[in-house]
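Asker: Can you keep this structure in mind? I'll have questions shortly.
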Amino acid sequence: MAERDKDKPFDLAAFAGHRREGGLSRIEIAAGVLSVTWLGLSGALLASADGVPGTGGGALGTAVTVLALTLPVGLIWVVAQGARSARVLRQESARLQATVDSLRQAYLAQQQGAGMDVRPSMEKRIDDLARAQRETQDAIATFATRRDRAVEIAEVQVPQSLSTKALPRASAPRTAPPAPPSKTPPDDQPRLALGTVPEDSVRPLSTEEFVRALNFPEDTSDRAGFRALRRALEDRTASKLVRSAQDILTLLSEEGIYMDDLHPDRARPEIWRRFAQGERGLPVSALGGVRDRSCLALTAARMKKDPIFRDVAHHFLRQFDRVLVEFEAAASDQELNDLAETRTARAFMLLGRVTGMFG
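full-length UniProt numbering applies: residue 1 is where the sequence shown begins, and numbers increase by one.
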């Protein structure tokens, strides 16, 4: 449709000036007929009579006769000109309305054509950027996790192997007595020097690292953010929330919704605690502090028409609710405030407001 509108020549007739119609109009013809009729009747009356009763000769009689003849003719032409002016005004009004309609249609056609040309390319570019960002973050987190774990294993296991299998010294005799056999029975499966470290030996995730991971790295140079994200992905509980948050943030970015653009009203820590303890409705309505109407409308529309987005959103809300219950029990008020400032918490506030979780 936009292509047809572009190829269609623009009609300039609506902008052309008013051209005066040639010849006489019906109004002028009628006025002329009435004038001639009146003059004919008056002339016949004066010619057939010796004089007009009530009028004498002289200047006064002549003046009265002229007024009697010309005054009705003047009134006829005044009425005719008024009718003609009214007709011209109606024509100008119709022409002005046609001009406005032409301008509106041209503007709408231009906007539709621009939208059809730009929107697909922009959506594709945004999708490619979001996909590339997600793949890059996963690759960085996976690579860094494997590398740090290998370093930790090497630091822990290599000294043990050196202590049990020390190199012989040059001054030591070659006929040294063998070491006494160990009294402990050997394991069925010997541990390798570079084996896998059990989960029990992994350092627990600190509150600061957890909050930083939920905010995600600021940019590629945010080493502390990537380190915290890597540590959170190693934690069994936090990794579920981090991955679900990453999924929902990616889907929201497809609609042009970014958490850095949201500035929700800050809720007090006791409101977060009441929500974590199971309270719902009006008492915790302050958590729905997102006021951006466009973001709320876009998110609500996506929730209705996209079942995949709806499932991912509800899964994220459940994960955040479950982790918040554990986090609130040991967190201070300042730590709750820090959590509320993260991108993950803003996504929770946005989706909670859309789904009616906060009343």
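Every residue gets a Cβ at the ideal spot worked out from N, C-alpha and C, and that includes glycine.
Would you identify the three-state DSSP class for residue 277, choosing helix, strand or coil?
Answerer: Here residue 277 sits in coil by DSSP.
Asker: Would you identify the three-state DSSP class for residue 358, choosing helix, strand or coil?
Answerer: Coil.
Asker: Are the beta-carbon atoms belonging to residue 244 and residue 319 less than 7 Å from one another?
Answerer: Yes, they are a contact pair.
Asker: Could you say if the stretch 30–48 and the stretch 72–80 meet the contact criterion of at least three C-beta pairs nearer than 8 Å?
Answerer: Taking 8 Å as the limit for Cβ pairs, the verdict is that the stretch 72–80 does touch the stretch 30–48.
Asker: According to DSSP, is residue 158 part of a helix, a strand, or is it coil?
Answerer: Per-residue confidence for residue 158 stands at a pLDDT of 34, beneath the threshold of 50, marking its modelled position as unreliable; no derived number is given.
Asker: Where does the unbroken alpha helix (DSSP H) through residue 214 begin, and where does it stop?
Answerer: 207–215 is the extent of the alpha helix (DSSP H) around residue 214.
Asker: Pick from 299, 327, 103, 104: whose alpha carbon is nearest that of residue 208?
Answerer: Checked all of 299, 327, 103, 104; the closest Cα to residue 208 is 327.
Asker: Alpha carbon to alpha carbon, how far is residue 312 from residue 247? Give it in angstroms, no decimals.
Answerer: Their Cα atoms are separated by approximately 7 Å.
Asker: What number of angstroms, rounded off, separates the C-alpha of residue 299 from the C-alpha of residue 229?
Answerer: For residue 299 and residue 229, the distance between alpha carbons rounds to 26 Å.
Asker: Using the Cα positions of residue 233 and residue 104, report the straight-line distance between them to the nearest angstrom.
Answerer: The alpha-carbon atoms of residue 233 and residue 104 are separated by roughly 55 Å.
Asker: Spatial neighbours of residue 25 within its chain, please: CB distance less than 7 Å, with the 5 preceding and 5 following residues excluded, ordered by chain position.
Answerer: These residues qualify, in order along the chain: 84.
Asker: So residue 307 is in the alpha helix (DSSP H); what residue range does that whole segment cover?
Answerer: Here the alpha helix (DSSP H) through residue 307 covers 307–330.
Asker: Whose C-alpha, out of 236, 284, 292, 47, is nearest the C-alpha of residue 256?
Answerer: Looking at the Cα atoms, 292 is the closest of the given residues.
Asker: Please classify residue 195 as buried or exposed, where buried requires at least 16 neighbouring CB atoms within 10 angstroms.
Answerer: Note on residue 195: pLDDT 46, under 50, position unreliable in the model; no value is reported.
Asker: Does the beta-carbon of residue 288 have 16 or more other beta-carbons within 10 angstroms, so that it is buried, or is it exposed?
Answerer: Classification for residue 288: buried.
Asker: Look at residue 330 and residue 339 and say whether their C-beta atoms are less than 7 Å apart.
Answerer: Not a contact, by the Cβ cut-off of 7 Å.
Asker: What is the DSSP secondary structure of residue 172, counted as helix, strand or coil?
Answerer: Residue placement at residue 172 cannot be trusted, given a pLDDT of 39 that sits under 50; what the coordinates show is reported in the next sentence. Coil at residue 172, not helix or strand.
Asker: With a cut-off of 8 Å on the beta carbons, I'd call residue 296 and residue 290 a contact; round off their distance for me.
Answerer: Their Cβ separation, rounded to whole angstroms, is 7 Å, which keeps residue 296 and residue 290 in contact under 8 Å.
Asker: Under the rule that 16 or more other beta-carbon atoms within 10 Å means buried, what is residue 67, buried or exposed?
Answerer: Exposed, since its Cβ has fewer than 16 Cβ neighbours within 10 Å.
Asker: So, helix, strand or coil for residue 181, using DSSP?
Answerer: At residue 181 the pLDDT is 47, less than 50, meaning the model places this residue with poor confidence; the figure from the coordinates comes in the next sentence. Looking at residue 181 - three-state DSSP - the assignment turns out to be coil, as it is neither helix nor strand.
Asker: Enumerated in chain order, which unbroken segments of the alpha helix (DSSP H) with a length of 4 residues or greater are wholly contained in the stretch 226–269?
Answerer: Segments of the alpha helix (DSSP H) lying fully in the stretch 226–269: 236–254.
Asker: Taking 7 Å as the cut-off, decide whether the C-beta atoms of residue 130 and residue 294 are in contact.
Answerer: No, the Cβ-Cβ distance between residue 130 and residue 294 is not below 7 Å.
Asker: Would you identify the three-state DSSP class for residue 342, choosing helix, strand or coil?
Answerer: Residue 342 falls in the coil class under three-state DSSP.
Asker: Considering only residues of the same chain and omitting the five flanking positions on each side of residue 38, which have a CB-CB separation below 7 Å?
Answerer: Excluding sequence neighbours, residue 38 sits near 72, 73.
Asker: Assuming residue 213 and residue 242 make a contact with CB atoms under 8 Å, what is their CB distance in whole Å?
Answerer: With a Cβ gap of about 6 Å, residue 213 and residue 242 count as contacting.
Asker: Which residue wins for smallest C-alpha separation from residue 333, given the options 314, 347, 273, 132?
Answerer: Nearest option by C-alpha distance: 273.
Asker: For residue 42 and residue 48, I'd like the C-alpha separation in whole angstroms.
Answerer: The alpha-carbon atoms of residue 42 and residue 48 are separated by roughly 10 Å.
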